[in-house]
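Student: Take a look at the following structure, please.
Numbering (full-length UniProt numbering), first residue to last: 1 to 1216.
Following this line, the structure appears as structure tokens:
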């Protein structure tokens, strides 16, 4: 496309003469610039906004008469609209129909050519001074900013004398003022160009930088604001005035309409700049004071201005103030033009409207200054009356003026509120995150910020939007705002959820701050230093996080005041009451959450101030998010002492949702005003607590030895059978009377406990509280249990009843099985899932969960242990201190024609007595170890290894065997097994556990870790010489080891019958808290990762192996573990490989318990019927999955299992 086809052409007027198909200097320069800007950017590195080369090319084309000025003036072409041009050969009609030039302009624009040097390349420097690659080719071609002044002299000097003589004096004055107005506009645009050319661009490109590179853009925005937008607005205004001057010269008829249009455009830019100007001055002043390099740089640039204009030097502050000053001069000049305008000239009305528009613009700019100040500085302190004239205030009624002042107060308060929310980030969160060294340890910092500041960012988002909407209404309707209710209504609907979440968190946030200040001196110093921050108003951190709560009340108060001043018929009369209802409802909705948070904080305070006796600490998991404090209060207790006198102990009792704790409050010696709660006796788990009696009569505190112990040796002084009825009422009202109630703690260290309340009402209240706590605990225990009981047999295994007197009415000997002692599940070759149960009268086998399928398969006496070697098809039984091996096909054949169905059993121990045996694998060897104890000081171990080839020999080739084999005769000894190794230890052995590469022998010396594959080397754990075990040395000797379980790759839990300790793989204690005390006395310990199950005869105590926290208690009657999960197909110590707490969802532990005894008959005799033993397995409960998740249990996306005691339900719904 040819150049002249790219030039936009139209009808332009100059000197009142229209010229069709004409264009301006700006049009031709723009067309040339569009053609060469890509070349400039790629090959010369020149900005696409640099039009100097295009202007130079246009002037060259004009000199070659490619186009001409319509009046054939001699002025040089400018990049503006002052002059009108036409192509020399451009006729009427389309360009294709015009005459073609015989000769086109020719020439070389050397500035756009490549370097003439043949050695100039990309990689080598060029010797040529004017090489385009050096950027020197454009030096001095055209000044970067040339302002064409059409008003360099007075207007009368530019007009022909005959025209001047024909005009009246008023018109001459009018034209002179218009001419002066254009001149001032030219100078103003030139000053704005100077700001860009001398300050902004050099500052951005300064090398070395006087302001850090990453801050320079923000600094330019802060100081110069949108001054370049103002320049574009005023350039357009100046162009329009040039066009009007060109069209109507020498006498401009209209000018008011131009400024009326300009005022509309100015409204988008000038209020922003003017409002921001005070902060820009402050920012510039601060930088000049603090940055010496910047100050010197500014002084140098200001001297450059003086050299360029050859006049008085203008400083940057004066140039930045120019837009505000220039805007204030418009009304003065326009009013002067209006006074000289003749009556009847329509320009007069335009001028007056433009004056009003620009003055309103000034008011909006003043309002914008207030809005942008955000309460800072002088402008931020303005009130409504400061932003309106006295005349306007007097024009309003008293009620309306007051209403506008209240609306303004509401907006101003919202600005202060938003600023305080913003300061939370600037004053607290960011400094805490960036502190070096850290004020709060990094591993706790994120949680602390979340707990303290919670969702404040949501509040900031909503209130920033509300403030912006208020500002928009204020700018549109100032000085008289009709209504602000719609903004508030919308905001309340939007921020409701955020406040419902934030307000209940405040008690927690305040507690976190107090707790951190009490324990972290660096944080305390940080908070105190923040009070001195200029933006803090001398308020501390807790005041800032509390700001949202009174803000809601402030809305309610101000809206009520606005409503009081609102005239009848106004929409606010109906709308404001609706908003008030929403705010009140919001306050009520947060009340339950606040109460819940206060209870949680109270719980935390008690938890932090509990003091245990050395070595008696119990982890009650009180820091769990769902833990709750149900009740607390004072009770009395009479210690077990025979010393007469008033020896009553005052207790402060705390009832949590999982424990009851009795404490004695004492003032802290370390911190004044702090109360410590010293635990009086071991906390009682609610799972093991029973309420016994709440009806005993009151007793006197001064009775000393006369204690109200039920069933005591003497008669209590206040026994109803002894005390006359006339005195009973007086005891109940005597101030010294106390009211007993009895509870029972079913744990190892428990028993019956009598506590005393100070009044009948208090005792009744404690009864209700404890009943509620136990009921809630039972419900929570049921819904959060880790294991549930699945019955394997209910009525197959019977033992004799405890008969009190009479002989049995009939004989049950044929049906009695004796006590159940062991069990083992297994699968046959035909995939039948069976279970074997051993008892004193033999071995029964049947289908799992089908009690009626149980059949006795072995008539052996005193069966104590069983094991199944499924890979070898062998069933091992220890009965009456002998160890037998049976082929499983001989007991439960898979088919009638099985070749092994006729296999006879083998006795493995010869003539030795077997105390116990264990099976397992070491280095891919299947081993059977049986133990013979020799007194209490020695144990012999015999290791056997099954031989698969011998086991699978056909029955017909086997040597004949008879019952003599079972009696120990050496006819065919250990056909199926070979002796692997024998050894002994000088201690009484209780059990043996297979580890990964060694075995662990549980004996009277503790835990012996032995290498039986190589050299029988051993080591005893725990390390007795470790000082951390000094307090446990006596107990380690007196307590019996029960199990050793892997927690992690480097840590084990050693379980004794009364406690457990964590040790590392070297046997040294790995935790600061040395021991975990069991609630019961463990007769046996089983392991279903990640839980250990401790069997007391009264209950099963389930704890997490890593934390030791009590997870569940399963009560029962005469409970025993009959299979602890060990065997070749169920390793005794596996933990999840991925580190999660995912459990194997099949049973790993079997137990047995007696059914309840029949009640006594009327004659006091118990029934002689036998008592059934319920055999059961413990099935893990299936964890809950995340709502909406389709993941399977193998993926770690479901809720992690809690290992604390079952948690109480939250007091408010969980918000995800």
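Cβ atoms here follow ideal geometry from the backbone N, Cα and C, with glycine treated the same way.
Thinking just about the alpha-carbon of each residue, which of 1055, 425, 86 is nearest to the one in residue 67?
Tutor: 86
Student: Could you work out which residue in 999, 1062, 1079, 349 is closest to residue 1014 when comparing CA atoms only?
Tutor: Looking at the Cα atoms, 999 is the closest of the given residues.
Student: Quick check on the burial criterion: 16 or more other C-beta atoms within 10 angstroms. Buried or exposed for residue 615?
Tutor: By the 10 Å Cβ count, residue 615 comes out exposed.
Student: Use the C-beta contact count for residue 963: other C-beta atoms within 10 angstroms, 16 or more gives buried, fewer gives exposed.
Tutor: Residue placement at residue 963 is poorly supported in this model, since its pLDDT is 44, which falls under 50; the coordinates are not used for a value here.
Student: So who's on the other strand from residue 1172, going by DSSP bridges?
Tutor: Partner(s): 798.
Student: If we call anything under 8 Å between Cβ atoms a contact, is residue 294 one with residue 198?
Tutor: no
Student: List the residues that DSSP assigns as beta-bridge partners of residue 1063.
Tutor: 1052, 1069
Student: Only counting the same chain, and skipping five residues up and downstream in sequence, which positions put a Cβ closer than 7 Å to that of residue 839?
Tutor: Contacts found: 797, 817, 818, 819, 820, 821, 863.
Student: If contacts are defined as beta-carbon pairs under 8 Å, then residue 194 and residue 358 qualify, I think. What distance do you get, rounded to the angstrom?
Tutor: Between residue 194 and residue 358, the beta carbon gap of about 24 Å keeps them out of contact (Cβ cut-off 8 Å).
Student: Got a sec? Which residues, its chain only, sit under 8 Å from residue 176 by beta carbon, not counting five neighbours each side?
Tutor: The beta carbon of residue 176 is closer than 8 Å to those of 154, 155, 156 in its chain, skipping five residues each way along the sequence.
Student: Taking the CB atoms as reference points, tell me whether residue 83 and residue 29 lie closer together than 8 Å.
Tutor: Cβ distance not < 8 Å, so residue 83 and residue 29 don't count as in contact.
Student: Can you tell me whether residue 737 is buried or exposed, with buried defined as 16 or more other CB within 10 angstroms of its CB?
Tutor: buried
Student: If we ignore side chains and look at the alpha-carbon of each, how far apart do residue 285 and residue 216 end up?
Tutor: 16 Å
Student: Out of curiosity, what's the CA-to-CA distance linking residue 1057 and residue 790?
Tutor: 26 Å
Student: Helix, strand or coil: how does DSSP classify residue 1144 here?
Tutor: coil
Student: What are the boundary residues of the beta strand (DSSP E) that includes residue 188?
Tutor: That residue, residue 188, is in no beta strand (DSSP E); its alpha helix (DSSP H) goes 169-194.
Student: Which word fits residue 315, buried or exposed, when buried means at least 16 other C-beta atoms lie within 10 angstroms of its C-beta?
Tutor: By the beta-carbon neighbour count (other beta carbons within 10 angstroms, threshold 16), residue 315 is exposed.
Student: List the whole-angstrom C-beta distance separating residue 561 from residue 743, where the pair is believed to meet the contact cut-off of C-beta under 8 Å.
Tutor: With a Cβ gap of about 58 Å, residue 561 and residue 743 do not count as contacting.
Student: Per DSSP, which one or two residues make a beta bridge with residue 214?
Tutor: When beta bridges are read from the DSSP output, residue 214 appears opposite no residue.
Student: For residue 579 and residue 274, I'd like the C-alpha separation in whole angstroms.
Tutor: 35 Å
Student: Assess, as a yes-or-no matter, whether the segment 244-251 is touched by the segment 334-343 under the definition of 3 or more beta carbon pairs within less than 8 Å.
Tutor: no
Student: Output the boundary residues of the beta strand (DSSP E) element that contains residue 751.
Tutor: That run of the beta strand (DSSP E) goes 751-757.
Student: Under 6 Å Cβ to Cβ from residue 1084, same chain only, skipping five residues before and after it: list those, please.
Tutor: 1095, 1121
Student: Quick check on DSSP: helix, strand or coil for residue 788?
Tutor: strand
Student: Nearest-angstrom Cα distance between residue 854 and residue 794?
Tutor: 11 Å
Student: What separation, rounded to the nearest whole angstrom, lies between the Cα atoms of residue 956 and residue 867?
Tutor: At residue 956, the pLDDT of 44 sits below 50, so the modelled position is not reliable; the number obtained from the coordinates is stated separately. Rounded to whole angstroms, residue 956 to residue 867 spans 27 Å at the Cα level.
Student: Please identify the residue among 1117, 649, 925, 34 whose C-alpha is closest to the C-alpha of residue 1155.
Tutor: 1117
Student: In the structure shown, what three-state DSSP assignment does residue 547 receive?
Tutor: coil
Student: What residue range does the beta strand (DSSP E) around residue 402 cover?
Tutor: Segment 398-423 is the alpha helix (DSSP H) holding residue 402; no beta strand (DSSP E) there.
Student: Quick check: residue 756 and residue 636, are their CB atoms within less than 8 Å of each other?
Tutor: yes
Student: Quick check: the Cα distance between residue 1175 and residue 917, rounded to an integer number of angstroms?
Tutor: 22 Å
Student: So residue 366 is in the alpha helix (DSSP H); what residue range does that whole segment cover?
Tutor: 347-373
Student: Since residue 408 contacts residue 391 with CB under 8 Å, what's their CB separation in whole angstroms?
Tutor: Not really, about 18 Å apart at Cβ, beyond 8 Å.
Student: Quick check on DSSP: helix, strand or coil for residue 621?
Tutor: coil
Student: Note down, in chain order, each residue of its chain lying with its Cβ closer than 8 Å to the Cβ of residue 6, except the 5 sequence neighbours on either side.
Tutor: 31, 34, 35
Student: Check whether the Cβ atoms of residue 869 and residue 800 sit closer than 8 Å, and answer yes or no.
Tutor: At least 8 Å separates the beta-carbon of residue 869 from that of residue 800.
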